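Down below is the structure, laid out as structure tokens.
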Amino acid sequence: MNSDRPDTDEFAQFRQTFFEECAELLSALEEHLADLQERAGDTEELNAIFRAVHSIKAGAGAFNFTRLVSFSHTYETLLDALRDGQVHQSEAVTAALVRAADVLATLVEAAQEGRELAADFGEAEGAELAALLQQAGLARHTDTPAPDAVSAVTDDTSAKSASTRYSIRFAPFPELFRHANEPLLLIRELMRLGDVAVTCDTSRLPNLGALEPEDAYLAWDIEIETDRPLADLREVFEFVDEDCDLVIAPEAHLPVAEPIDDEESGTATMPAEATQTVPHPHLATTSQLPASTAETGGAGQAAVNQKSAGVTSIRVDLARVDRLVNVVGELIIAQSMLVQQSHSDAGDTPQLTTTQGFDEIATLTRELQECVMAIRMQPVKSVFARMPRMVRDISAKLGKKVRLVTAGEQTEVDKTVIEELADPLTHMIRNAVDHGIEPPEVRLADGKPEQGTVRLTASHAGGNIRIELTDDGAGISREKLFAKAVEKGLIAPDAKISDEEIDDLIFAPGFSTAAAVSDVSGRGVGMDVVRRNIVNLGGRIAMRSEAGKGTRFTLSIPLTLAVLDGMLVAVGREKYILPLTSIVESFKPDPAHVRALTGGGEVVFIRGEYIRLIHLSRIFGVSEAIPNAWDGLVVLVESTNNNKIGIVVDELIGQQQVVIKSLHDNFEPIPGISGATILGDGRVSLILDVEQLRRMPDHVSGRRERASAPCSDTGSAPIPSPEAEAPLAALA
Numbered sequence: 001m002n003s004d005r006p007d008t009d010e011f012a013q014f015r016q017t018f019f020e021e022c023a024e025l026l027s028a029l030e031e032h033l034a035d036l037q038e039r040a041g042d043t044e045e046l047n048a049i050f051r052a053v054h055s056i057k058a059g060a061g062a063f064n065f066t067r068l069v070s071f072s073h074t075y076e077t078l079l080d081a082l083r084d085g086q087v088h089q090s091e092a093v094t095a096a097l098v099r100a101a102d103v104l105a106t107l108v109e110a111a112q113e114g115r116e117l118a119a120d121f122g123e124a125e126g127a128e129l130a131a132l133l134q135q136a137g138l139a140r141h142t143d144t145p146a147p148d149a150v151s152a153v154t155d156d157t158s159a160k161s162a163s164t165r166y167s168i169r170f171a172p173f174p175e176l177f178r179h180a181n182e183p184l185l186l187i188r189e190l191m192r193l194g195d196v197a198v199t200c201d202t203s204r205l206p207n208l209g210a211l212e213p214e215d216a217y218l219a220w221d222i223e224i225e226t227d228r229p230l231a232d233l234r235e236v237f238e239f240v241d242e243d244c245d246l247v248i249a250p251e252a253h254l255p256v257a258e259p260i261d262d263e264e265s266g267t268a269t270m271p272a273e274a275t276q277t278v279p280h281p282h283l284a285t286t287s288q289l290p291a292s293t294a295e296t297g298g299a300g301q302a303a304v305n306q307k308s309a310g311v312t313s314i315r316v317d318l319a320r321v322d323r324l325v326n327v328v329g330e331l332i333i334a335q336s337m338l339v340q341q342s343h344s345d346a347g348d349t350p351q352l353t354t355t356q357g358f359d360e361i362a363t364l365t366r367e368l369q370e371c372v373m374a375i376r377m378q379p380v381k382s383v384f385a386r387m388p389r390m391v392r393d394i395s396a397k398l399g400k401k402v403r404l405v406t407a408g409e410q411t412e413v414d415k416t417v418i419e420e421l422a423d424p425l426t427h428m429i430r431n432a433v434d435h436g437i438e439p440p441e442v443r444l445a446d447g448k449p450e451q452g453t454v455r456l457t458a459s460h461a462g463g464n465i466r467i468e469l470t471d472d473g474a475g476i477s478r479e480k481l482f483a484k485a486v487e488k489g490l491i492a493p494d495a496k497i498s499d500e501e502i503d504d505l506i507f508a509p510g511f512s513t514a515a516a517v518s519d520v521s522g523r524g525v526g527m528d529v530v531r532r533n534i535v536n537l538g539g540r541i542a543m544r545s546e547a548g549k550g551t552r553f554t555l556s557i558p559l560t561l562a563v564l565d566g567m568l569v570a571v572g573r574e575k576y577i578l579p580l581t582s583i584v585e586s587f588k589p590d591p592a593h594v595r596a597l598t599g600g601g602e603v604v605f606i607r608g609e610y611i612r613l614i615h616l617s618r619i620f621g622v623s624e625a626i627p628n629a630w631d632g633l634v635v636l637v638e639s640t641n642n643n644k645i646g647i648v649v650d651e652l653i654g655q656q657q658v659v660i661k662s663l664h665d666n667f668e669p670i671p672g673i674s675g676a677t678i679l680g681d682g683r684v685s686l687i688l689d690v691e692q693l694r695r696m697p698d699h700v701s702g703r704r705e706r707a708s709a710p711c712s713d714t715g716s717a718p719i720p721s722p723e724a725e726a727p728l729a730a731l732a
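Going by full-length UniProt numbering, the first residue of the sequence shown is number 1, and it counts up by one from there.
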């Protein structure tokens, strides 16, 4: 039997947690560094940055990631000097901190993947940090922990002339565990500082029947001999000192604490017994640790990575979990009452009618679904926080002055959507800084502020998240777009297309208006990929630009990819789902208000404007459908940028919540269709894509009209007023 296997399993779990926390800490580090650049010397920002780096160092030391420990130690030493005012925050210092954060992120990534980095990786940045400390006369504090400092009890028993023995009493409170801290990792951190002997006090451990899983019973008595100052020992417990009973005494052994009766928590304790010294296989020596903890990787590392690679976790507010548990409880009660009703005799007085029972279950099922969806919701802040750094780097490289303003970072969306948003937003922001914002001298000549502004905002709009990216740059000339499209053969030179359709040319594959290719953007491989990614999320993207004023991109994406609130409509014998968030209203048009266009298609006059009509029966070839709009119903829907169309249907069946089934795996993309669902009667119903329908030509006179460009919302032919002329005869 392999005795190392339990260690491997346990450390795999700890390592996974450590790297998940590292991702959050690195994100916070980048965010606070950006704020620090705006508010130089801000104490709160410096403290937050220090805590992030220190937490990474502490965890890295527990797993023997020596390069990560060494670099983060130098990093936090400079941060500590900044906090104490021993180093002044200058532009050079800030730039060094930002570069060091990049190195730290790469070291964490390499440790997680078990990947070897070049021997000199990070040396230049580490030397830069050390030089800044040396300039302040603090070079003696940059000594990093020795690589073998994670060993527990060294075999070298020779006395050190400057060493001191300390006795530590460490008794965690339950709060320490609730805050995701681990006593063993703290003890391992102590082992980096000297020779350690650990005794576990189990005197408060009750018998199994009285044990409360959320209470804390164990304490540790630690003897450490070290040449480090007392402050270094206290630093190990810096972030848990309020969550534990901690006493550190030099050159003395602490008496074993008497067991106490924790009246507040209602925990019964056993009579005092002698403390038990237990073996600590996980706290022994580096040689006893599993191979998976080695920074250089190897077979053990690969095994751990394979085991944890598919694990994805998410942090959830406890209140949301509590709500989920409560709803499940209510659902079980309702189910039990229905079972009781089904078994009741005819003469018994029913406690709950069958109809009421099903209504209750339907309500609880809907609430249960909302609870589960809420658990998956995460703020977009994690994506937005990556952008300021990128804007600063690109603008500095291009010699531009650009400010990024963000709003709505707490807007929540499904975690899967968040993960897919990063690449599209990165593409668009790079383009905005590279092509949108002009150089300072050009802006000044045009009467604009020297510094350009890029705004990134998020908000909820019905069942969607709406993200807008705007800039106050040069904008995009439609004449230039049109000429470029003609040059590439995308449209004919004499094509008659609307301004909106010209703007949409920017999303054509390989299309770019950049005069020259740079290593920032301009290769024409970005915006078509952006649109494809957004469409794959079930969303829409639109661009509007005004030459000399700027450009605005609008993204509209469903909050979740799993469930949709829709309106079930009938067209002939077919049934379709219209997303409820797109519907403005439905009405039965007056025949006098329906007009045929010269080039084909129809419009309806409503509230002073003409709205283009789309006949689903003509587009999808549905037979036995109502031929005329006034014999059926028109559902007025709104697409991106408030563009409206009227969809002609036979009847509205009702509102329904449906589970979205993707068609991409088994079918080619179907124009006008975004997915499918299974109805209650087992039939399959297609989910309509309003944005695609708006761009499709109507199927007139039994044949599909072909066009070189998408149809606009209204025709170009003059339309008489409804009062002046009766409907044309050739409408059908």
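Ideal Cβ placement from N, Cα and C applies to all residues, glycine included.
In this text, all values refer to a predicted model and were calculated from it rather than measured experimentally.
- Shown here for I534: same chain residues with a beta carbon closer than 8 Å to its own, the five before and five after excluded, namely P424, R540, I541, L555, I557 in chain order.
- Residue state for S617 is assigned as helix, using DSSP reduced to three classes.
- The Cβ neighbour count for F237, taken over all protein chains shown within 10 Å, is at least 16; the residue is labelled buried.
- Here the stretch 113-126 makes no contact with the stretch 41-59; the two share fewer than three CB pairs at distances below 8 Å.
- DSSP places P440 in the helix class (H, G or I) of the three-state scheme.
- Judged by DSSP secondary structure, R234 falls within the alpha helix (DSSP H) whose first and last residues are 230-236.
- With contact defined as three or more Cβ pairs closer than 8 Å, the stretch 79-88 and the stretch 108-116 are not in contact.
- Excluding sequence positions up to five before and after K661, its CB lies within less than 8 Å of the CB of G675, A676, T677, I678, all in the same chain and listed in chain order.
- Apart from sequence neighbours up to five positions away, the residues of its chain that approach A60 with a beta-carbon distance below 6 Å are L68, V69, ordered along the chain.
- Looking only at R683, I653, P589, I614, the smallest Cα-Cα distance to R694 is reached by I614.
- Residue environment analysis places P388 among the buried positions, since at least 16 neighbouring C-beta atoms fall within 10 angstroms of its C-beta.
- When Cβ pairs closer than 8 Å are counted between the two stretches, the stretch 355-372 is seen not to touch the stretch 393-406, the count staying below three.
- The beta carbon of M377 lies closer than 7 Å to those of E412, V413, D414 in the same chain, with the five residues before and after it left out.
- Leaving aside the five residues that flank L29 on each side, the residues in its chain whose CB is nearer than 8 Å to its CB run, in chain order, I49, A52, V53, A101, L104.
- Taking Y75 as the centre and dropping the five residues before and after it, the same chain places the C-beta of V53, A100, L104, L129 closer than 7 Å to its C-beta, in chain order.
- Assigned with DSSP and collapsed to three states, K575 falls in strand.
- Relative to the Cα of P579, the nearest Cα in the group V648, V649, I687, A485 belongs to I687.
- With fewer than 16 other Cβ atoms inside 10 Å of its own Cβ, K496 counts as exposed.
- Only residues of its own chain outside the window of five on either side were considered, and among them G475 have a CB closer than 6 Å to the CB of E546, listed in chain order.
- If you draw a straight line from the Cα of D528 to the Cα of F511, it is about 8 Å long.
- One thing to note: L176 has its Cβ no nearer than 8 Å to the Cβ of D245.
- V659 is not a Cβ neighbour of V649, given a cutoff of 8 Å.
- Residue nearest to L218 within the set G194, A171, G621 is A171 (criterion: CA-CA distance).
- If you compare the alpha carbons of Q37, E189, W220, R192 with that of R204, the shortest gap goes to W220.
- In this structure, R544 keeps its C-beta atom at 8 Å or more from the C-beta atom of F507.
- Contact between K488 and V584 is ruled out by a C-beta separation of about 37 Å, above the 8 Å threshold.
- In the three-state reduction of the DSSP assignment, Y217 falls in the coil class, being assigned neither a helical nor a strand state.
- Setting aside the 5 residues that flank it on each side, L190 is surrounded in the same chain by I168, V196, I222, I224, L233, V236, each with a C-beta closer than 8 Å to its C-beta; the list follows chain order.
- DSSP places F482 inside the alpha helix (DSSP H), whose first and last residues are 478-487.
- When DSSP reads this structure, F553 sits in a beta bridge with L469, M543.
- In the DSSP secondary-structure assignment, P172 is bridged to C244.
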